[in-house]
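So for the sequence shown, the numbering used here puts the first residue at 678; every next one is plus one.
Even for Gly, the Cβ is constructed at its ideal location relative to N, Cα and C.
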Amino acid sequence: RITLRTRAGGRSGAVNLAGGALGRGTASKYDVATLAPRSARHALEINDDALIQTGGKPQAVFDLLKEEIKQATRQFRKFFDQQLQTAGDGVLAEISASPGGNVFTLTVAPFFAQLLSERQKVSVYNAALTTKRGEMEIETMEEELNIINTDGTPGGTIVGDKLLPEGLSGATPSWYFGIPFHISSAASGTWLGLNRATEPRIRSHAVAAASNALSPTHARTLLDKVKQRVGTEGFETGRWLWHIHPAQKKAWEDLAVLIERIDIGSGNKAVDLLPFNKYSIAGIRLFENIHAARDRLDLMALDDWIRVESQTINWYEKEGRRMFNPIDSTSGSPVAATLMYLIAFLEFANV
């Protein structure tokens, strides 16, 4: 439960101090947003022969177990960064074409295939998210073409179907509340149990570019709207950044190039036609993220983001053990492999 002050308290006005009534007052109004942690895991499985052959200095080029544990942590962080670009529905991509076999093209904006990874399992849902068709594993990806090759195709899969994380089930599943869920100007629906229609303070400000090219006017208009709500001092004390995809950074860079002047001195210094590598808008730095939506720039107050957790990201333990042997489903005997899990039980919010 998150307590939010949604209305200021007190009333100011004229009063007759020559015996007049002082009048009644008010107090601040508070609402409660509700947020429940969600659980996720990253499963790491290594065959025993690979562990044996890389377990010692004399025979090993590198320590496979140590390297895989390090990579697992990075992959799990990447997973959460990808999930936090979504609007709480878990939609990572949409099938735009199916050339044949187990090949799918994902060219639907704003994410294309950028929220997916190789070796990841995904759930296939129909366009309305009312029916889960099944799951499939992404074997390879062609990032530049936004094409994935999978180990199979769930029955009934068609163009327009949505790809969600594995493990989700049922109609219209709910998933991590990402940036589009929290930073939204929508006047309908709910936000953490509060009605967007009747509580305007939970709506974010937005400036629609209407498919026009990015310009300083868009950023300035948004900043003015935010200042009108939080006051100018909010920008003086808080930690702010612009969260953008490289495509939007390029658009801003194109504006910078238009006003660039290159002075060539006697030293015949080499000319760099793209000399800028650190950008800001109105003094607020840009944070470039390859997973960000390509059709928006988000102004974020970092101090307003919170994480609610029952279990922080850590290795799953059972009776002091972190490593487990998979069991063969046919014979019931242990499989010659080692299985480990990174788990997390948390949720995120922008308050």
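Nearest by alpha-carbon distance to residue i: which of the options is it?
i: Met1017; options: Leu793, Ile921, Gln748; result: Gln748
i: Tyr993; options: Ile1020, Ser773, Ile983, Phe964; result: Ile1020
i: Thr817; options: Pro1011, Phe1001, Val780; result: Val780
i: Gly702; options: Asp708, Gly686, Pro714, Ala691; result: Gly686
i: Leu935; options: Gly911, Ser892, Trp917, Ser862; result: Ser892
i: Ile958; options: Glu771, Ala720, Ile860, Trp929; result: Trp929
i: Gln925; options: Val903, Thr898, Tyr956; result: Tyr956
i: His882; options: Leu899, Gly866, Ala874; result: Leu899
i: Ser689; options: Ala704, Arg973, Val801; result: Ala704
i: Phe756; options: Ile772, Phe788, Arg718; result: Arg718
i: Gly778; options: Thr763, Leu822, Ile835; result: Ile835
i: Leu806; options: Leu976, Leu963, Val768, Val1012; result: Val768
i: Gln752; options: Arg796, Ala886, Thr909; result: Arg796
i: Arg810; options: Phe788, Ile825, Leu840; result: Leu840
i: Ser888; options: Asp1005, Ile879, Arg973; result: Arg973
i: Ala976; options: Leu761, Gly700, Ile860, Glu744; result: The question names Ala, but residue 976 in the sequence shown is Leu. Checking every option, the nearest Cα to that of Leu976 belongs to Ile860.
i: Arg971; options: Glu996, Arg678, Phe789, Ile723; result: Phe789
i: Pro1003; options: Lys995, Ala1013, Gly997; result: Ala1013
i: Glu819; options: Gln791, Lys743, Gly732, Asn693; result: Gln791
i: Gln988; options: Gly697, Leu694, Ser716; result: Ser716
i: Arg880; options: Asp901, Ala890, Arg906; result: Arg906
i: Arg962; options: Phe912, Arg999, Glu996; result: Phe912
Can you tell me where the beta strand (DSSP E) holding residue i begins and where it ends?
i: His719; result: 715-724
i: Asp708; result: 706-710
i: Ala961; result: A small correction: the amino acid at residue 961 is Ile; Ala does not occupy that position in the sequence shown. Per DSSP, Ile961 belongs to the beta strand (DSSP E) from 961-965.
i: Phe781; result: 780-782
i: Phe776; result: Position check: residue 776 holds Pro in this sequence, whereas Phe was assumed. From DSSP, the beta strand (DSSP E) with Pro776 extends over 774-777.
i: Tyr956; result: Unbroken run through Tyr956: none, as it is neither H nor E.
i: Leu681; result: 679-684
i: Val801; result: 798-802
So residue i and residue j are in contact, right, with Cβ under 8 Å, and what is the actual spacing, rounded?
i: Asn966; j: His922; result: 7 Å
i: Arg984; j: Phe1022; result: No, Arg984 and Phe1022 are not in contact; Cβ-Cβ is about 11 Å, not under 8 Å.
i: Gly855; j: Gly765; result: 7 Å
i: Asp981; j: Asn1027; result: 6 Å
i: Leu917; j: Ala978; result: Looking at the sequence shown, residue 917 is not Leu but Trp. Correct: roughly 6 Å between the Cβ atoms.
i: Val799; j: Pro842; result: 7 Å
i: Thr782; j: Ala774; result: 4 Å
i: Gly837; j: Ala804; result: 4 Å
i: Leu728; j: Leu741; result: 6 Å
i: Glu876; j: Thr683; result: 6 Å
i: Asp725; j: Thr1007; result: Wrong, their Cβ atoms sit about 19 Å apart, outside the cutoff.
i: Thr784; j: Asn823; result: 5 Å
i: Glu986; j: Pro714; result: 6 Å
i: Ile825; j: Leu793; result: 7 Å
i: Trp968; j: Gln759; result: It should be pointed out that residue 968 corresponds to His in this sequence rather than to Trp. Going by Cβ atoms, the distance from His968 to Gln759 rounds to 5 Å, so yes, they are a contact pair.
What first and last residue would you give for the alpha helix (DSSP H) that runs through residue i?
i: Asp758; result: 741-760
If we cut at 7 Å on Cβ distances, does residue i have a partner in chain D?
i: Glu843; result: This model lacks chain D altogether; it includes just one protein chain.
- Item | Continuous alpha helix (DSSP H) assignments of at least 4 residues falling wholly in the segment 878-945 | 893-907, 910-914, 923-935
- Minimum length 4: unbroken alpha helix (DSSP H) runs contained in the segment 811-890: 856-859
- Item | Every unbroken beta strand (DSSP E) inside the segment 976-1014 [3 residues or more] | 982-992
- Message: So, does the segment 843-860 touch the segment 819-833, judging by three or more C-beta pairs under 8 Å?
- Response: no
- Message: For the pair the segment 863-880 and the segment 703-713, tell me if three or more CB-CB distances fall below 8 Å.
- Response: yes
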